[in-house]
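**Q**
Protein chains: 2
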Amino acid sequence: MVSAYDQLPRTPANFVALSPLRYLERAAYIYPNQDAIIHGSRHISWRETYTRCRQFAHQLQKIGVGKNDTVSVLLPNIPAMIEAHFAVPMVGAVLNTLNTRLDGKTLAFMLEHAESKVLLVDPEFVPVAKEALSLISQEIYIIDVADIEFDGENQKIGQVEYEDWLAQGDADFEWQLPQDEWDAISLNYTSGTTGNPKGVVYHHRGAYINAASNIIACGMTPRATYLWTLPLFHCNGWCFAWTIAANGGTNICLRKIDPELIFKLIHSHKVDYFCGAPIVLSMLINAPDEHKVKIEHRVEVMVAGAAPPAAIIEGMRNIGINVTHVYGLTETYGPSALCASQAGWSNLSIKEQAQLHSRQGVPYPLQDGMKVLDPETMQPVPKDGQTMGEIMFRGNIVMKGYLKNPKATAEAFAGGWFHTGDLAVCQPDGYAKITDRSKDVIISGGENISSLEVEEVLYQHPAILTAAVVAKPDPVWQEVPCAFIELKVGKTATPEEIIAYCKEHLARFKVPKDVVITEIPKTSTGKLQKFVLREWAKERSVAEFN
Amino acid sequence: MVSAYDQLPRTPANFVALSPLRYLERAAYIYPNQDAIIHGSRHISWRETYTRCRQFAHQLQKIGVGKNDTVSVLLPNIPAMIEAHFAVPMVGAVLNTLNTRLDGKTLAFMLEHAESKVLLVDPEFVPVAKEALSLISQEIYIIDVADIEFDGENQKIGQVEYEDWLAQGDADFEWQLPQDEWDAISLNYTSGTTGNPKGVVYHHRGAYINAASNIIACGMTPRATYLWTLPLFHCNGWCFAWTIAANGGTNICLRKIDPELIFKLIHSHKVDYFCGAPIVLSMLINAPDEHKVKIEHRVEVMVAGAAPPAAIIEGMRNIGINVTHVYGLTETYGPSALCASQAGWSNLSIKEQAQLHSRQGVPYPLQDGMKVLDPETMQPVPKDGQTMGEIMFRGNIVMKGYLKNPKATAEAFAGGWFHTGDLAVCQPDGYAKITDRSKDVIISGGENISSLEVEEVLYQHPAILTAAVVAKPDPVWQEVPCAFIELKVGKTATPEEIIAYCKEHLARFKVPKDVVITEIPKTSTGKLQKFVLREWAKERSVAEFN
Numbered sequence: 000m001v002s003a004y005d006q007l008p009r010t011p012a013n014f015v016a017l018s019p020l021r022y023l024e025r026a027a028y029i030y031p032n033q034d035a036i037i038h039g040s041r042h043i044s045w046r047e048t049y050t051r052c053r054q055f056a057h058q059l060q061k062i063g064v065g066k067n068d069t070v071s072v073l074l075p076n077i078p079a080m081i082e083a084h085f086a087v088p089m090v091g092a093v094l095n096t097l098n099t100r101l102d103g104k105t106l107a108f109m110l111e112h113a114e115s116k117v118l119l120v121d122p123e124f125v126p127v128a129k130e131a132l133s134l135i136s137q138e139i140y141i142i143d144v145a146d147i148e149f150d151g152e153n154q155k156i157g158q159v160e161y162e163d164w165l166a167q168g169d170a171d172f173e174w175q176l177p178q179d180e181w182d183a184i185s186l187n188y189t190s191g192t193t194g195n196p197k198g199v200v201y202h203h204r205g206a207y208i209n210a211a212s213n214i215i216a217c218g219m220t221p222r223a224t225y226l227w228t229l230p231l232f233h234c235n236g237w238c239f240a241w242t243i244a245a246n247g248g249t250n251i252c253l254r255k256i257d258p259e260l261i262f263k264l265i266h267s268h269k270v271d272y273f274c275g276a277p278i279v280l281s282m283l284i285n286a287p288d289e290h291k292v293k294i295e296h297r298v299e300v301m302v303a304g305a306a307p308p309a310a311i312i313e314g315m316r317n318i319g320i321n322v323t324h325v326y327g328l329t330e331t332y333g334p335s336a337l338c339a340s341q342a343g344w345s346n347l348s349i350k351e352q353a354q355l356h357s358r359q360g361v362p363y364p365l366q367d368g369m370k371v372l373d374p375e376t377m378q379p380v381p382k383d384g385q386t387m388g389e390i391m392f393r394g395n396i397v398m399k400g401y402l403k404n405p406k407a408t409a410e411a412f413a414g415g416w417f418h419t420g421d422l423a424v425c426q427p428d429g430y431a432k433i434t435d436r437s438k439d440v441i442i443s444g445g446e447n448i449s450s451l452e453v454e455e456v457l458y459q460h461p462a463i464l465t466a467a468v469v470a471k472p473d474p475v476w477q478e479v480p481c482a483f484i485e486l487k488v489g490k491t492a493t494p495e496e497i498i499a500y501c502k503e504h505l506a507r508f509k510v511p512k513d514v515v516i517t518e519i520p521k522t523s524t525g526k527l528q529k530f531v532l533r534e535w536a537k538e539r540s541v542a543e544f545n
Numbered sequence: 000m001v002s003a004y005d006q007l008p009r010t011p012a013n014f015v016a017l018s019p020l021r022y023l024e025r026a027a028y029i030y031p032n033q034d035a036i037i038h039g040s041r042h043i044s045w046r047e048t049y050t051r052c053r054q055f056a057h058q059l060q061k062i063g064v065g066k067n068d069t070v071s072v073l074l075p076n077i078p079a080m081i082e083a084h085f086a087v088p089m090v091g092a093v094l095n096t097l098n099t100r101l102d103g104k105t106l107a108f109m110l111e112h113a114e115s116k117v118l119l120v121d122p123e124f125v126p127v128a129k130e131a132l133s134l135i136s137q138e139i140y141i142i143d144v145a146d147i148e149f150d151g152e153n154q155k156i157g158q159v160e161y162e163d164w165l166a167q168g169d170a171d172f173e174w175q176l177p178q179d180e181w182d183a184i185s186l187n188y189t190s191g192t193t194g195n196p197k198g199v200v201y202h203h204r205g206a207y208i209n210a211a212s213n214i215i216a217c218g219m220t221p222r223a224t225y226l227w228t229l230p231l232f233h234c235n236g237w238c239f240a241w242t243i244a245a246n247g248g249t250n251i252c253l254r255k256i257d258p259e260l261i262f263k264l265i266h267s268h269k270v271d272y273f274c275g276a277p278i279v280l281s282m283l284i285n286a287p288d289e290h291k292v293k294i295e296h297r298v299e300v301m302v303a304g305a306a307p308p309a310a311i312i313e314g315m316r317n318i319g320i321n322v323t324h325v326y327g328l329t330e331t332y333g334p335s336a337l338c339a340s341q342a343g344w345s346n347l348s349i350k351e352q353a354q355l356h357s358r359q360g361v362p363y364p365l366q367d368g369m370k371v372l373d374p375e376t377m378q379p380v381p382k383d384g385q386t387m388g389e390i391m392f393r394g395n396i397v398m399k400g401y402l403k404n405p406k407a408t409a410e411a412f413a414g415g416w417f418h419t420g421d422l423a424v425c426q427p428d429g430y431a432k433i434t435d436r437s438k439d440v441i442i443s444g445g446e447n448i449s450s451l452e453v454e455e456v457l458y459q460h461p462a463i464l465t466a467a468v469v470a471k472p473d474p475v476w477q478e479v480p481c482a483f484i485e486l487k488v489g490k491t492a493t494p495e496e497i498i499a500y501c502k503e504h505l506a507r508f509k510v511p512k513d514v515v516i517t518e519i520p521k522t523s524t525g526k527l528q529k530f531v532l533r534e535w536a537k538e539r540s541v542a543e544f545n
């Protein structure tokens with residue numbers, strides 16, 4: 000017999016798809032006249048933002064963009080970038096934010112793989128966009144997004160200019176919620192260690208939940224002011240575009256990381272929250288004193304991409320900013336774990352605090368599970384701080400899957416958990432601490448670099464016989480790629496020549512900062528002993544910076 | 000062709016039922032040694048709370064309680080009450096919190112209607128529980144919950160005592176998440192204006208979402224201290240038992256409203272948040288000065304049940320406590336709307352602020368929709384502060400339905416919205432304001448008239464002691480307002496004078512067309528018998544028009 004409790008079906012009154020689009024609608028309803036977006040001297044209210052997004056969505060619909068079509072953007076943190084986070088899913092389409100630091104060839108791969116129908120481009124990235132578009136044959140509708148805050152040349156390659164185009168849309172356009180909260184909302188490419196980038200698909204349910212989870216994690220009070228130091232192309236700004244709508248807050252745009260400007264904006268707009276990689280905080284700490292301003296209100300920063308070193312936690316505290324370390328991957332909508340503070344930590348020495356805060360920690364508020372598991376047995380490792388396992392996540396803040404890549408998706412989800420590839424121990428208090436990343440990734444200034452990708456380029460150099468790229472510790476970028484090279488017999492090449500060669504074939508941030516021509520230690524079976532090279536790189540770093 | 004975006008199915012890694020049970024597991028994992036519950040001198044950590052809930056769940060399973068079985072509790076705000084919010088759903092059962100202020104006959108109806116298998120009783124409510132049990136025949140397993148903080152007689156009627164019984168459960172009991180987030184989690188009876196109480200069923204999804212929504216609504220910082228002034232039997236303490244677990248906070252128990260004790264607890268435990276009806280705040284404001292303590296930390300209170308008058312908002316501010324007005328019904332998991340503060344409000348006079356804060360406001364953060372709709376056309380009323388409509392909700396914070404009452408469920412959800420029965424206007428800033436409850440509305444010539452509004456005007460007349468306004472049938476206007484009046488001793492006024500007075504203070508269509516000076520029939524408790532007056536008005540109409 001069916002229980003009476005089970006005889007109460009879902010109806011339109013009591014079941015609605017979870018979607019961050021509602022956050023925008025609600026903010027526009029409650030705070031119509033409040034600033035939603037500030038960009039330089041430009042102020043856009045929540046009412047205007049909602050109207051603009053509806054116009055944007057209507058325009059997309061008019062050019063035939065609908066359910067499951069991809070709209071790519073190559074934009075810095077400007078109003079159009081935030082608007083795209085709502086307008087694109089309003090017509091059921093999928094937002095693909097491209098990393099503006101990538102090279103044309105990689106971007107071309109992504110545009111092709113995503114089958115993008117539309118591309119929005121900022122003038123700063125027109126050259127690389129041009130290069131990407133020259134490599135592909137598909138038809139893409141290009142929209143130039145002019146920006147008064149950009150001080151370079153206002154190059155155009157598109158059919159239309161964003162503001163003109165937007166103005167033609169219907170301000171009352173009747174957009175729809177997704178039919179299913181499982182529908183795709185965005186596509187973020189992640190650079191794996193091997194092969195082509197993988198397209199990580201997010202859904203409305205996850206975006207809604209992580210946006211709320213961000214608020215809970217940092218105890219964000221309503222109507223907060225948020226500064227966009229974190230690129231919106233990283234995990235959709237870790238979902239903060241949606242978070243700030245849910246919070247009824249104000250977005251402060253920022254084209255580039257400029258410590259003087261950041262201090263100025265924190266002061267003038269009373270910024271409450273911002274996010275970034277340790278490099279951003281490092282730049283603030285090391286800014287000249289005349290650029291720093293006295294901060295007298297509560298300011299919170301979420302840092303991710305690498306564990307914040309003690310000097311950064313201490314340095315930020317001296318500035319008057321509280322640091323929360325969060326951890327996650329593109330596959331987990333950005334932050335999916337945090338190093339939650341405990342009562343009593345604040346009484347410890349700054350060194351002890353930094354030690355505690357450097358850990359990846361515990362599950363994010365609305366993530367279902369995070370564990371350090373033995374990847375063979377799928378059992379949790381003991382809480383001994385010694386036994387190594389792999390950090391795994393399970394829950395609603397885990398991607399829908401990799402686009403057109405069922406094999407990689409199945410591997411990532413094997414055993415009912417998402418495998419991060421990050422090796423870690425579980426400390427006695429239950430906090431996870433990464434001991435070794437899946438070794439072939441170098442994280443530099445918050446960007447992942449695949450050592451294999453760099454090695455592939457090096458191997459194409461006519462003089463190079465063997466190449467091995469490892470992470471070298473760096474006081475500014477945390478890590479930089481360091482290449483060890485063996486030359487072919489009879490060939491010559493200087494480190495400078497090799498670096499110049501890499502610059503031609505790789506995005507700037509991926510280029511090795513240090514190239515060493517030497518004999519590479521190998522095992523008896525000829526395997527390169529990267530652990531030795533990592534030690535060498537560490538020694539070179541110490542010699543260089545001390 | 001199926002889009003590649005739609006070829007990414009739910010898997011155990013990326014789709015998990017939303018359930019507040021996870022909040023407990025997470026709090027126990029992250030904050031094992033922190034106080035979860037403080038009750039008098041008793042401190043229970045999160046690790047202990049989780050263990051106790053698992054033991055409690057295991058014990059329930061041992062006596063045969065499982066999926067969709069009802070467990071009723073007749074308890075004040077003590078540890079067992081909080082624990083029941085987790086332990087009962089851990090075995091798939093449904094928690095039915097009974098209002099301890101009800102009579103035995105009503106409780107008997109509920110126990111029977113819910114088919115309760117288990118009842119937990121506090122000694123204070125043993126007499127009424129006995130009475131209720133004497134009226135029903137079903138077999139119920141009774142558990143006495145002795146409480147050292149109760150100063151009355153420790154009466155028992157059960158098979159076992161809670162602590163002894165609990166101790167026999169398995170601390171490592173492997174509970175399960177619900178198979179479906181739509182599964183029932185709790186049952187709360189609501190007393191309608193007519194007929195039997197209706198059983199409002201909540202599901203895991205809604206409980207999870209509203210628990211998070213509470214945190215977002217009040218900007219709750221992690222590890223908050225929450226004082227239980229609000230009965231946990233009201234909408235599961237408006238879901239705050241789950242909220243405090245999600246927040247990793249501390250519950251401060253409270254058996255009864257005692258202003259001196261409340262001040263003491265706020266001070267000694269540094270309470271951050273509490274909730275209650277205006278009467279609770281009124282008691283704090285009017286407490287003798289020697290009971291009040293100086294509050295020097297941020298304290299937030301959520302008030303619901305009625306709009307807080309200006310004196311209460313001002314009084315609380317003088318004490319040092321910030322008031323947020325929230326609105327909802329049992330059917331909406333408690334708060335489902337809030338009177339969100341706007342920038343600039345705090346600069347207004349306290350009277351103006353109170354006026355603004357007295358409104359029911361705008362949708363709760365994670366509620367999908369709240370509108371003032373014309374119940375005939377289901378169209379929103381204009382934002383004119385004049386046109387009356389009915390407040391309706393739609394979204395995931397709306398009940399699963401009424402238990403064993405498909406007719407009432409269908410009516411409540413007619414047109415795809417939950418009908419609150421509360422009549423309201425929408426003010427120009429979009430905030431809803433309740434003007435009347437349905438039964439006291441007179442519809443004249445298609446216009447809604449609030450009987451309360453007319454009575455308020457009448458009560459301002461110097462000669463009027465008592466006024467009651469009801470609908471009188473009218474061949475032209477369908478209904479007209481008819482006023483029954485008792486004059487003050489020694490005062491005089493004619494019906495004509497009173498009508499003339501009303502014309503000065505009311506829109507024409509709201510002025511009573513018929514005024515009767517007479518003795519008004521009342522109940523033994525002094526309540527005006529409006530149903531008698533409605534009969535009288537009908538008779539006058541017949542005499543007049545035939």
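Heads up: the sequence lines are chains A and B, in that order.
Sequence positions in the first sequence follow numbering that gives the first Met the number 0 and run 0 to 545.
Sequence positions in the second sequence follow numbering that gives the first Met the number 0 and run 0 to 545.
Ideal placement from N, C-alpha and C gives every residue a C-beta, glycine not left out.
(1) For A:V72, which residues from the same chain have a beta carbon less than 6 Å from its beta carbon, with the 5 sequence-adjacent residues on both sides left out?
(2) Please report the distance separating the alpha-carbon of A:V161 from that of A:A210.
(3) What does the Cβ neighbour count give for A:A27, buried or exposed, with the cut at 16 atoms within 10 Å?
(4) When DSSP labels each residue in this structure, what does B:A12 get in the three-state scheme?
(5) Do A:H296 and A:F262 have their C-beta atoms closer together than 8 Å?
(6) Going along the stretch 78-109 of chain A in order, which residues come within less than 8 Å of chain B, judged by CB to CB distance?
(7) Does the stretch 164-178 of chain B come close enough to the stretch 299-306 of chain B that 3 or more CB-CB pairs lie under 8 Å?
(8) Can you check whether the C-beta of B:M398 is within less than 8 Å of a C-beta belonging to chain A?
(9) If you run the structure through DSSP and keep just helix, strand and coil, what is B:K403?
(10) Here's a check: name, in chain order, each residue in its chain whose Cβ is nearer than 8 Å to the Cβ of B:W164, leaving out the five neighbours to either side.
(11) Since B:I412 meets chain A, which of its residues come closer than 9 Å, beta carbon to beta carbon?
(12) Is the Cβ of A:W416 closer than 8 Å to any Cβ of chain B?
(13) Using Cβ-Cβ distances below 8 Å, what residues of the stretch 347-374 of chain B are close to chain C?
(14) Let me make sure I understand the geometry here. Which of B:P287, B:N346, B:H418 and B:P405 has the alpha-carbon closest to that of B:L328?
(15) Quick one: complete beta strand (DSSP E) runs, 3+ long, within the stretch 261-316 of chain B?
(16) Using 8 Å for Cβ pairs, my map puts B:A604 next to B:G304. What's the rounded Cβ distance?
(17) Mapping DSSP to helix, strand and coil, what is A:L532?
(18) So, is the C-beta of B:Q33 closer than 8 Å to a C-beta in chain A?
(19) Taking only beta-carbon atoms, is A:S2 less than 8 Å away from chain B?
(20) Counting only the same chain and skipping the five closest in sequence on each side, list residues whose C-beta sits under 6 Å from that of B:Q154.
(21) May I ask you to report which of helix, strand or coil DSSP gives A:L226?
(22) Within its chain, find whatever has a CB closer than 7 Å to the CB of B:I36; leave out the 5 residues flanking it on each side and keep chain order.
(23) If you follow the alpha helix (DSSP H) that B:H203 is in, where does it begin and where does it stop?
**A** Looking at the coordinates:
(1) Here the question's residue 72 of chain A lines up with position 73 in the first sequence. The residues are A83, T96 and L119.
(2) Looking up residue 161 of chain A in the first sequence gives position 162. Looking up residue 210 of chain A in the first sequence gives position 211. According to the sequence displayed, residue 161 of chain A carries Tyr and not Val. So the alpha carbons of these two residues sit roughly 27 Å apart.
(3) As a working mapping, residue 27 of chain A is identified with position 28 in the first sequence. Per the 10 Å Cβ criterion, buried.
(4) Residue numbering aside, residue 12 of chain B sits at position 13 when the second sequence is read from its first letter. In the structure shown, B:A12 sits in coil (DSSP, three-state: anything other than H, G, I, E or B).
(5) Stepping through the first sequence from its first residue, residue 296 of chain A is reached at position 297. Stepping through the first sequence from its first residue, residue 262 of chain A is reached at position 263. Taking 8 Å as the Cβ cut-off, A:H296 and A:F262 do not qualify as a contacting pair.
(6) V93
(7) no
(8) Here the question's residue 398 of chain B lines up with position 399 in the second sequence. It does: the Cβ of B:M398 has a partner Cβ on chain A nearer than 8 Å.
(9) In the second sequence, residue 403 of chain B corresponds to position 404, counting from 1. Coil at B:K403, not helix or strand.
(10) As a first step, residue 164 of chain B is located in the second sequence; it is residue number 165 there, counting from the start. Excluding sequence neighbours, B:W164 sits near Q58 and I142.
(11) As a working note, residue 412 of chain B is residue 413 in the second sequence. Here residue 412 of chain B turns out to be Phe, not Ile, going by the sequence shown. Within chain A, the residues near B:F412 are T10, P11, A12 and N13.
(12) Counting from one through the first sequence, the residue named residue 416 of chain A turns up at place 417. So yes, A:W416 belongs to the interface.
(13) The chain inventory of the structure shown lacks chain C, comprising the protein chains A and B.
(14) Counting from one through the second sequence, the residue named residue 328 of chain B turns up at place 329. When only C-alpha atoms are compared, the closest one is B:H418.
(15) 272-275 and 298-302
(16) Only positions 0 to 545 of chain B appear in the structure, and residue 604 of chain B is not among them; the question remains open.
(17) Here residue 532 of chain A is taken as the residue at index 533 of the first sequence, counted from 1. Reduced to three states, the DSSP call for A:L532 is helix.
(18) Looking up residue 33 of chain B in the second sequence gives position 34. Closer than 8 Å to some Cβ of chain A, the Cβ of B:Q33 qualifies, so yes.
(19) Looking up residue 2 of chain A in the first sequence gives position 3. Output row for A:S2: interface = yes.
(20) In the second sequence, the residue the question calls residue 154 of chain B occupies position 155. Cβ within range, chain order: P122 and V125.
(21) On the first sequence, residue 226 of chain A is found 227 positions in, with the first residue counted as 1. Strand.
(22) Position 37 of the second sequence, counted from the start, is the residue given in the question as residue 36 of chain B. Contacts found: I43, T48, P78, I81, N250 and C252.
(23) Within the second sequence, residue 203 of chain B is the residue found at index 204, counting from 1. Where B:H203 is concerned, the enclosing alpha helix (DSSP H) stretches over H203 to C217.
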